[in-house]
Amino acid sequence: MRRAALAAALAALVPATAMAAGTPAFPWVNEVWSYTISGFLWTGAVLAVEITALGMTTGVVLGLGLALMRLSRLRVVSSVAWFYIFIMRGTPLLLQLVFVFDALPAIGIKLDSFATAVIAFALNEAAFSAEIIRGGIFSVNRTQSIAAASLGMGGWLTLRRIILPQAMRAILPGIANNTVSMLKLTSIASVIFVNELTFRAQQIVGQNFRFFTVFTAAAIIYLLLTSAIAAAQALAERRFSEERDPGAGGIFSRLLRPHGVASPLPAAIVPMRPNTLEPQDLAWLQLHERARESDAPFVAGHNVQKSYGARQVLAGLDFVVKQGEVVTILGPSGSGKSTLLRMINHLEAMDWGEITVDGKQVGYQPSNGGKPRPTRDLARARADARIGMVFQHFNLFAHLTALENVIEAPIRVHGVKRAEAIAQGMRLLASVGLAAHAHHLPHRLSGGQQQRVAIARALAIRPTLMLFDEPTSALDPELVGEVLGVMRKLAEAGMTMIVVTHEMRFARQVGDRVIFMDEGRVVEEGPPAQVIDAPRHERTRRFLRQVEHEEDVT
Numbered sequence: 012m013r014r015a016a017l018a019a020a021l022a023a024l025v026p027a028t029a030m031a032a033g034t035p036a037f038p039w040v041n042e043v044w045s046y047t048i049s050g051f052l053w054t055g056a057v058l059a060v061e062i063t064a065l066g067m068t069t070g071v072v073l074g075l076g077l078a079l080m081r082l083s084r085l086r087v088v089s090s091v092a093w094f095y096i097f098i099m100r101g102t103p104l105l106l107q108l109v110f111v112f113d114a115l116p117a118i119g120i121k122l123d124s125f126a127t128a129v130i131a132f133a134l135n136e137a138a139f140s141a142e143i144i145r146g147g148i149f150s151v152n153r154t155q156s157i158a159a160a161s162l163g164m165g166g167w168l169t170l171r172r173i174i175l176p177q178a179m180r181a182i183l184p185g186i187a188n189n190t191v192s193m194l195k196l197t198s199i200a201s202v203i204f205v206n207e208l209t210f211r212a213q214q215i216v217g218q219n220f221r222f223f224t225v226f227t228a229a230a231i232i233y234l235l236l237t238s239a240i241a242a243a244q245a246l247a248e249r250r251f252s253e254e255r256d257p258g259a260g261g262i263f264s265r266l267l268r269p270h271g272v273a274s275p276l277p278a279a280i281v282p283m284r285p286n287t288l289e290p291q292d293l294a295w296l297q298l299h300e301r302a303r304e305s306d307a308p309f310v311a312g313h314n315v316q317k318s319y320g321a322r323q324v325l326a327g328l329d330f331v332v333k334q335g336e337v338v339t340i341l342g343p344s345g346s347g348k349s350t351l352l353r354m355i356n357h358l359e360a361m362d363w364g365e366i367t368v369d370g371k372q373v374g375y376q377p378s379n380g381g382k383p384r385p386t387r388d389l390a391r392a393r394a395d396a397r398i399g400m401v402f403q404h405f406n407l408f409a410h411l412t413a414l415e416n417v418i419e420a421p422i423r424v425h426g427v428k429r430a431e432a433i434a435q436g437m438r439l440l441a442s443v444g445l446a447a448h449a450h451h452l453p454h455r456l457s458g459g460q461q462q463r464v465a466i467a468r469a470l471a472i473r474p475t476l477m478l479f480d481e482p483t484s485a486l487d488p489e490l491v492g493e494v495l496g497v498m499r500k501l502a503e504a505g506m507t508m509i510v511v512t513h514e515m516r517f518a519r520q521v522g523d524r525v526i527f528m529d530e531g532r533v534v535e536e537g538p539p540a541q542v543i544d545a546p547r548h549e550r551t552r553r554f555l556r557q558v559e560h561e562e563d564v565t
């Protein structure tokens with residue numbers, strides 16, 4: 012990208028240098044050069060740049076609003092945005108410019124030609140930017156929003172901190188292309204007497220009829236301006252590139268590092284400890300246990316029902332998890348395991364029933380076991396519940412380093428001071444054996460390392476309940492042990508855990524209780540020795556035989 016920007020700049024400078032030198036064979040070169048440095052033309056160029064800057068800025072902001080309207084679940088809102096975009100993209104900019112110029116005075120709004128041009132260009136650009144931004148948002152995997160929601164991040168915070176920074180990789184080329192187009196199209200503003208670059212070139216030609224030399228000079232000025240836009244695009248794309256090195260030194264690295272996170276901590280103050288969770292890492296668990304006096308179940312579900320269309324995923328499910336208990340959930344694909352996990356922290360809405368965590372429903376008003384009624388501030392409810400979740404495919408924020416992933420929710424959701432969050436984040440990364448990788452982006456980490464960062468990220472919100480959704484199924488067999496080792500340490504520390512897994516050894520050795528599900532119901536539950544080694548139900552035995560066969564094949 013830097014080479015492309017440099018080439019564009021050289022392409023613009025070389026002709027100018029040649030003109031400055033002048034040659035006897037081309038006497039018109041000096042004439043072109045004199046027009047190129049003409050203050051009269053450059054005054055028009057500055058005006059074109061001002062219209063472009065104001066029009067693009069306003070248009071992109073309006074485009075963001077239109078894009079969000081298009082994504083709205085409210086049909087009326089999305090339809091209004093669609094109709095606006097349909098009209099603005101389907102009619103020529105020249106007609107829109109003349110319409111605004113004539114329409115505003117008719118309703119009592121009198122503006123000069125410059126302001127009218129800015130408004131017309133902004134309104135036109137809004138329609139095109141909306142579709143570019145919407146496409147960029149669609150390019151970001153939905154799992155990023157789900158991961159943010161699990162940490163208690165609200166919709167606007169997720170959009171600003173997680174979605175848009177990643178969408179910028181898809182948005183930037185389109186916006187830069189529109190900026191170049193708008194700069195060149197400012198020439199049409201001459202119809203309403205805006206004295207920009209092309210209009211001024213026409214004025215000179217009208218006096219001396221030197222078409223070739225005057226318009227060549229104007230073209231060179233346009234090329235210089237568009238080269239500057241191309242250079243800015245290259246820098247912006249580098250800023251949002253996944254290949255950037257957040258740990259590299261230099262002023263450009265500091266400027267391009269996202270969210271103001273400091274460069275890697277000196278080795279002397281990085282808490283390099285063995286791959287183990289120590290008591291201070293989970294101190295809040297002991298405080299929570301002392302604060303509770305009730306013997307009520309820590310997590311309880313009653314008559315939980317969920318359907319997707321005509322397919323019933325959960326059919327009147329009842330379950331209980333005690334504080335400090337490790338419950339593993341087994342079952343075939345489609346049995347409702349992951350759906351149940353997501354409903355505990357309200358990443359999925361229930362159709363019927365009730366789930367409580369520490370005696371409270373997450374994001375629901377009291378319903379006495381009937382149809383749940385969601386609260387208005389669901390993000391706040393998730394944040395207050397402090398339920399950590401680890402996903403099958405890690406779902407780390409791709410544009411943030413390991414440390415930035417860990418500190419994002421404590422700072423943005425729970426208001427922890429940055430210095431304190433960084434210190435805690437480094438301790439947690441050290442506790443899972445990844446302090447040396449704190450400033451690496453997720454794609455530079457192995458699967459096992461990414462999953463351990465995901466565990467550290469979940470622990471950073473100081474959860475009293477951890478949910479694991481197939482945490483090892485996306486890992487190579489050699490990496491499974493890395494993640495299971497961290498989970499064992501959590502269990503030993505007294506963390507309440509619900510784990511959806513096919514890892515029989517983990518369920519036997521670490522789980523206090525096993526729940527086997529099929530077709531949205533609990534078929535069998537009890538201690539691992541009973542459910543895994545001596546199952547009562549034929550369906551359970553059939554499933555376990557299949558799992559054992561797959562393990563033997565592997």
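Residue numbers (our numbering): 12 to 565. Where is the CB? At the ideal position from N, CA and C, for every residue including glycine.
- Residue pairing by DSSP puts Asp480 in a beta bridge opposite Val511.
- For the set Ile418, Val310 and Phe405, the Cα lying nearest the Cα of Ser484 is the one of Phe405.
- For the set Leu341, Phe223 and Arg250, the Cα lying nearest the Cα of Tyr46 is the one of Phe223.
- When DSSP states are grouped into helix, strand and coil, Ala504 belongs to the coil group.
- Short of 6 Å from the beta carbon of Ala467, and not among the five residues preceding or following it, lie these beta carbons of its own chain, in chain order: Val417, Leu439, Leu440 and Val443.
- DSSP places Asn314 inside the beta strand (DSSP E), whose first and last residues are Val310 to Tyr319.
- According to the DSSP secondary-structure assignment, Thr367 is paired through a beta bridge with Ala311 and Gln372.
- In the assembly as shown, Tyr319 is an exposed residue. Its beta-carbon has fewer than 16 other beta-carbons within 10 Å.
- Spatial neighbours of Val427 in its own chain (CB-CB distance under 6 Å, excluding positions within 5 residues in sequence) are listed in chain order as Pro421.
- Under DSSP, the beta-bridge partners assigned to Pro385 are Tyr375.
- For the options Leu85, Leu106 and Ile144, the alpha carbon positioned closest to that of Val71 is the one of Ile144.
- Every alpha helix (DSSP H) of 4 residues or more that sits fully in the segment 56-111 is shown, in chain order, as 86-101.
- Contact between Ala390 and Ala449 fails: their C-beta atoms lie close to 27 Å from each other, not under 8 Å.
- For Arg211, the closest alpha carbon among the candidates Val534, Leu478, Val57 and Pro488 is that of Val57.
- When secondary structure is reduced to three states using DSSP, Phe222 falls in the helix class.
- When C-alpha distances from Gly522 are compared across Phe479, Val558 and Arg532, the shortest belongs to Phe479.
- Thr154: not part of any beta strand (DSSP E); member of the alpha helix (DSSP H) spanning Arg153 to Ser161, first to last residue.
- Bounds of the alpha helix (DSSP H) holding Ala430 are Arg429 to Ser442.
- In terms of Cβ geometry, Pro538 and Arg524 form a close pair [threshold 8 Å].
- A residue is called buried when at least 16 other Cβ atoms come within 10 angstroms of its Cβ; Phe94 does not meet this threshold and is exposed.
- Going by DSSP, Thr169 is part of the alpha helix (DSSP H) stretching over Gly166 to Thr169.
- By the Cβ-count criterion, His548 is exposed, with fewer than 16 other Cβ atoms from all chains shown falling within 10 Å of its own Cβ.
- Under the three-state reduction of DSSP, Glu336 is assigned to coil, being neither helix nor strand.
- Within the same chain, Cβ atoms closer than 8 Å to the Cβ of Gln316 are found at Gln323, Leu325, Ala326, Gly327, Leu328, Met361, Asp362, Trp363 and Gly364, the five residues on either side in sequence being excluded.
- Cβ contact annotation for Val91 (same chain, cutoff 8 Å, sequence separation greater than five): Met80, in chain order.
- DSSP places Val534 in the strand class (E or B) of the three-state scheme.
- Per DSSP, the unbroken beta strand (DSSP E) holding Phe527 starts and ends at Arg524 to Asp529.
- The shortest CA-to-CA distance from Arg393 to any of His410, Tyr375, Lys382 and Arg384 is the one to Tyr375.
- A Cβ-Cβ contact shorter than 8 Å links Ile203 with Ser124.
- A direct Cα-Cα distance of roughly 31 Å separates Ala245 from Thr127.
- Distance from the CA atom of His451 to the CA atom of Ile398, rounded to whole angstroms, is 26 Å.
- The three-state secondary structure of Ile199, taken from DSSP, is helix.
- Inter-residue distance for Lys195 and Ala430 is about 47 Å (C-alpha atoms, whole angstroms).
- Contact annotation: the segment 49-56 touches the segment 231-242, with at least three C-beta pairs closer than 8 Å.
- Taking 8 Å as the cut-off, the Cβ atoms of Ala178 and Gly147 count as close.
- Between Val205 and Leu352, the CB-CB gap reaches or exceeds 8 Å.
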